[in-house]
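Peer 1: Okay, so the sequence shown: first residue is 126 according to this note's numbering, each after it adds one.
Once you've had a glance at the structure underneath, I'll fire off some questions.
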Amino acid sequence: RRQFLISTAAAVAAPALVMPKFARAAEINLKFGTNLPANHPLNIRANEAAERILKETGGQVQLNVFPNNQLGNDADMLSQLRAGAIDFFTVSGVNVLSQMVPVSSIYGLGFAFSDEDTVHRALDGDLGKYLRGKFTKVGLMAMDNIWSSGFRQITNSVRPITTPDDLKNLKIRVPVSPLWTSLFQHLGAAPASINFAEVYSSLQTKVVDGQENPLSIISIAKLYEVQKYCSMTNHMWDGFWCMSSMKAWNRLPEKVRPIVAQNLNRSALDMRGDVAKLNVSLKGDLQAKGMVFNTPDPAPFRTMLSKSGFYAEWRKKYGDEAWEMLEKYTGKLG
Ligand code: X2X
């Protein structure tokens, strides 16, 4: 019996002795996928979280950030996440995720929120809790704090958008998402569903006339190279849930989980300031690069959506419980 114990110990110790370089490598390697270019604050803050996690776990956990769709487009990353092949994917609730969990797009409803503090209060509060509860029902798990992207603006290469009339028949790229498609259909445009990985090339080759994103993404993804007009519509707010799966999360040792969660949430909060600053300060920069800006009155856009039944249609889809939770923060909609 004693001999058995000794030989087992030797066998366990052997790999470290034979391959000393592995003694320094982290024991747990986590894959974190994003659809944004490497220099976007989301990736910078995710890498900061990775450094803290490595340190606080004494070198046990290495979070590896793969930016810029390196692991595949949004749909690919969501399937990999569900299969447990990747550990984290920062995914917009309005994007591909809403095909699995329809209510997840609710915070992106057109012209619902008018300031960022209220969105954060809603998503750090009851609305966010409600949505995160829905994710667990399909085997996904979102960290508590959403990573903000900001209010979205419309760019195109044809004309400034001053009233809904200007959107008429314009081909606007939207993410692959029923809410986004519906919003732009109700506004009279011709939306085309395209993953973010193909946005630059579809604008460049004029497969579409325009797209919509916050200034931080318009700038960092260099969309100003292939777009002339930027209309500050602030038509909806978006953010990224730092999403894991039950499969991946439950694989983590219990004492590691709070270290990972706390550091990811801290980076989400740190990033909010970065993006808020960029979404204001980048206007001058983009103008210097040749973009022409205008700021339309949102009222006619809202009126058009109300009249065309957009709010009534989505209230029915989301259900009264979710809708009332949203209105608790936004005030009456429609
Ligand atoms: O696809 C987009 O436009 C982006 C990057 O903003 C989202 O992920 C929703």
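Glycine residues also receive a C-beta, built at the ideal position from the N, C-alpha and C atoms.
1) Hey, would you say the C-beta of PRO300 is under 7 Å away from at least one heavy atom of ligand 1?
2) Which of the three DSSP states is assigned to ALA322 in this structure?
3) Using the Cα positions of VAL283 and PRO303, report the straight-line distance between them to the nearest angstrom.
4) Leaving out five residues on either side along the sequence, give the residues of the same chain with a beta carbon under 8 Å from the beta carbon of THR306.
5) By a C-beta neighbour count over all protein chains shown, 10 Å radius and 16 as the cutoff for buried, is GLY233 buried or exposed?
6) Exposed or buried, GLU337, counting other C-beta atoms within 10 Å across all chains shown (16 or more means buried)?
7) Closest to GLY158 by CA distance: which of ASN198, LEU451 and LEU308 is it?
8) Hey, how far is the Cα of ASP290 from the Cα of ASP422?
9) Buried or exposed, going by whether 16 or more other CB atoms sit within 10 Å of the CB of SER326?
10) Would ILE271 and THR358 qualify as a contact pair, given that the criterion is a beta-carbon distance under 8 Å?
11) Return the CA-CA distance between LEU335 and ALA151, expressed in angstroms with no decimal places.
12) Could you check the C-alpha separation between ALA373 and MET450 for me, to the nearest Å?
13) Are the segment 165-177 and the segment 387-400 in contact at 8 Å, needing three or more beta carbon pairs?
14) If you follow the alpha helix (DSSP H) that ILE343 is part of, which residue opens it and which one closes it?
15) Could you have a look at VAL381 and say whether DSSP puts it in helix, strand or coil?
16) Is the beta carbon of VAL186 closer than 8 Å to that of VAL381?
17) At which residue ranges does the segment 144-221 contain complete beta strand (DSSP E) runs of 3 or more residues, listed in the order of the chain?
18) Classify PHE236 as helix, strand or coil using the three-state DSSP reduction.
Peer 2: Inspection of the coordinates gives the following:
1) yes
2) helix
3) 25 Å
4) VAL299, PRO316 and SER318
5) buried
6) buried
7) ASN198
8) 13 Å
9) exposed
10) no
11) According to the sequence provided, residue 335 is Gly. The question's Leu does not apply to it. Approximately 44 Å between the Cα atoms of the pair.
12) 30 Å
13) yes
14) 340-345
15) coil
16) yes
17) 153-158, 186-191 and 213-217
18) coil
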